[in-house]
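**Student:** Dumping the structure here so I can ask a few things about it.
Protein chains: 2
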Amino acid sequence: MDTEKIKNKIKSAGLKVTPQRLAVLDALLESRNHPTAEMLIKIVQKKHPYIAVGTIYNILDTFVKHGLVEKVFTENNVIRYDAFMDGHFHILDGDEIKDFYDEKLFRMVKKYLSGVNIPDFQLEDFEIILKGKFNSGKVN
Amino acid sequence: MDTEKIKNKIKSAGLKVTPQRLAVLDALLESRNHPTAEMLIKIVQKKHPYIAVGTIYNILDTFVKHGLVEKVFTENNVIRYDAFMDGHFHILDGDEIKDFYDEKLFRMVKKYLSGVNIPDFQLEDFEIILKGKFNSGKVN
DNA sequence: TCTTAAATTAGAATCGTTCTTATTTAGGAT
DNA sequence: ATCCTAAATAAGAACGATTCTAATTTAAGA
């Protein structure tokens with residue numbers, strides 16, 4: 093992705109632009125397959141071997157905290173990261189994840205929830221996770 | 093809970109009944125607050141100090157594999173266990189979890205999904221997670 | 001009661017993640 | 001352009017929840 097665009101994403105989250113953050117967000121945007129922290133570390137370090145592991149964890153946390161990226165958990169508790177936060181859902185089969193776009197379902201649930209009052213709770217977001225089996229070979 | 097009932101639950105999952113499994117499932121059914129593995133270990137070991145930590149992890153895995161118990165992940169990747177698998181949803185605020193019962197939403201989504209075909213995917217189950225903030229003091 | 005696969009024990013080992021301290025740096029101020 | 005300072009990063013040690021290993025015990029069917 094265009095470096096300028098990535099810079100802007102980071103800036104508009106109110107964060108300093110550093111080469112490390114650029115590298116991480118770039119890698120995350122390049123790979124649409126919900127990489128784990130480990131996978132990201134490998135990808136990032138291929139281009140920038142000097143970037144420290146701890147830094148990448150730090151950056152991921154920062155991105156999550158500032159809403160640039162979201163965490164997805166698989167059924168075996170593996171953390172995967174997702175830089176595309178556009179009202180899609182996740183399909184899980186063990187540790188495999190795929191995206192599932194269904195605007196109709198999204199709007200339906202959103203509308204329903206907007207009319208529901210949950211005592212002592214301020215709803216901010218919701219997530220739908222579909223569990224099952226991928227028929228074809230595993231997708232990574 | 094009645095020991096006989098717990099025994100039957102374990103038996104009907106096709107598992108051998110052992111004192112350790114009874115203790116774990118009992119503890120899980122006693123505490124409706126989605127304990128973590130650590131919390132469960134403390135609870136179980138209070139009554140049965142001789143039960144090994146590894147055994148409890150084993151038992152929890154076995155229960156999950158046999159559908160007696162389900163894992164819930166909090167936003168910080170803490171695993172919590174839930175022995176009540178009755179079409180309820182989870183409300184998350186950081187590492188806190190509460191149940192949320194809404195039959196109408198459950199049926200609505202279920203019905204919708206039954207009419208949706210996802211390529212290469214065999215749907216088995218779904219989950220809805222609501223994220224936000226608890227207004228009152230944290231609940232554990 | 002016997003038999004055997006399955007379950008449990010105890011604690012060592014693992015390894016993804018966090019922490020610590022020193023160093024460097026981004027970006028606003030001068 | 002240079003300076004300043006809080007924030008970010010480096011390096012690797014430390015941590016700790018979970019898994020693993022090998023020996024021992026046990027549930028439950030024969």
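Just so you know, the protein sequences line up as chains A and B, in that order. If you count the first sequence from 1, position 80 lands on 172 in the numbering used here, and the numbers rise without skipping. If you count the second sequence from 1, position 73 lands on 165 in the numbering used here, and the numbers rise without skipping. C-beta atoms are modelled at their ideal positions from N, C-alpha and C, and glycine is treated no differently. Everything numeric in this text was worked out from a predicted model, so none of it was measured.
Does the Cβ of Lys196/B have 16 or more other Cβ atoms within 10 Å, making it buried, or fewer, making it exposed?
**Tutor:** Residue mapping note: residue 196/B aligns to position 104 of the second sequence, counting from 1. With fewer than 16 Cβ atoms within 10 Å of its Cβ, Lys196/B is classed as exposed.
**Student:** Kindly indicate which residue of His126/A, Tyr204/A, Asn169/A and Asp153/A has the alpha-carbon position closest to the one of His180/A.
**Tutor:** Against the first sequence, residue 180/A aligns to sequence position 88. That would be His126/A, whose Cα lies nearest to the Cα of His180/A.
**Student:** In chain order, what residues of the region 207-226 of chain B put their CB closer than 8 Å to some CB of chain A?
**Tutor:** Per Cβ criterion, the list reads Val208, Ile210, Asp212, Phe213, Gln214, Leu215, Glu216, Asp217, Phe218, Glu219, Ile220, Ile221, Leu222, Lys223, Gly224, Lys225 and Phe226.
**Student:** Return the chain-ordered ranges of every alpha helix (DSSP H) run that is complete within the region 124-167 of chain B and spans a minimum of 4 residues.
**Tutor:** Qualifying alpha helix (DSSP H) stretches, in chain order: 129-139 and 145-157.
**Student:** What's the call for Phe218/A, buried or exposed, on a 16-neighbour Cβ count within 10 Å?
**Tutor:** Along the first sequence, one-based indexing puts residue 218/A at 126. So Phe218/A ends up on the buried side.
**Student:** For Gln214/A, which residues does DSSP report across the bridge?
**Tutor:** For the purposes of this step, residue 214/A is identified with residue 122 of the first sequence, where counting begins at 1. Note: Gln214/A sits in a beta bridge opposite Lys225/B.
**Student:** For Asp194/A, go through chain B and note every residue whose CB falls closer than 8 Å to its CB, in chain order.
**Tutor:** Looking up residue 194/A in the first sequence gives position 102. Val208, listed in chain order.
**Student:** Reducing DSSP to helix, strand and coil, say where Phe176/B ends up.
**Tutor:** Looking up residue 176/B in the second sequence gives position 84. Here Phe176/B sits in coil by DSSP.
**Student:** Can you give me the C-alpha to C-alpha distance between Phe192/A and Phe198/A, rounded to a whole angstrom?
**Tutor:** Numbered from 1 along the first sequence, position 100 holds the residue referred to as residue 192/A. Numbered from 1 along the first sequence, position 106 holds the residue referred to as residue 198/A. Rounded to the nearest angstrom, the two C-alpha atoms are 11 Å apart.
**Student:** Does the region 141-149 of chain B come within contact of the region 106-123 of chain B, defined as at least 3 CB pairs closer than 8 Å?
**Tutor:** A contact exists between the region 141-149 of chain B and the region 106-123 of chain B.
**Student:** Check the DSSP bridge columns for Glu43/B and list the partner residues they point to.
**Tutor:** Given a span of 93 to 232 for chain B in the structure shown, any question on residue 43/B remains unanswerable.
**Student:** With a cut-off of 8 Å, do at least 3 Cβ pairs link the region 209-223 of chain B to the region 182-189 of chain B?
**Tutor:** Segments in contact, yes.
**Student:** Is DSSP giving Leu205/B helix, strand or coil here?
**Tutor:** Stepping through the second sequence from its first residue, residue 205/B is reached at position 113. Leu205/B falls in the helix class under three-state DSSP.
**Student:** Could you give the distance in angstroms between the alpha-carbon of Val231/A and the alpha-carbon of Asp187/A?
**Tutor:** Here residue 231/A refers to the residue found at position 139 of the first sequence. Here residue 187/A refers to the residue found at position 95 of the first sequence. Model confidence at Val231/A stands at a pLDDT of 45, short of 50, so the residue's coordinates are unreliable and nothing is read from them.
**Student:** Does any residue of chain A bring its CB to less than 7 Å from the CB of Tyr204/B?
**Tutor:** Mapped onto the second sequence, residue 204/B falls at position 112. Yes, Tyr204/B counts as interfacial toward chain A.
**Student:** What are the residues in the region 146-177 of chain B lying within 8 Å of chain A by C-beta distance?
**Tutor:** Within the region 146-177 of chain B, the residues whose Cβ lies closer than 8 Å to some Cβ of chain A are Lys163, Phe165, Glu167, Asn169 and Ile171, listed in chain order.
**Student:** Suppose the cutoff is 6 Å on Cβ atoms and the five residues either side in sequence are ignored; what does the same chain contact list for Arg124/A look like?
**Tutor:** If you number the first sequence from 1, residue 124/A lands on position 32. Excluding positions up to five away in sequence, the list is empty.
**Student:** Once the 5 residues before and after Ile133/B are set aside, which same chain residues still bring their CB inside 8 Å of it?
**Tutor:** Reading the second sequence from its first residue, position 41 is the one you call residue 133/B. Taken in chain order, the residues that qualify are Val145 and Ile148.
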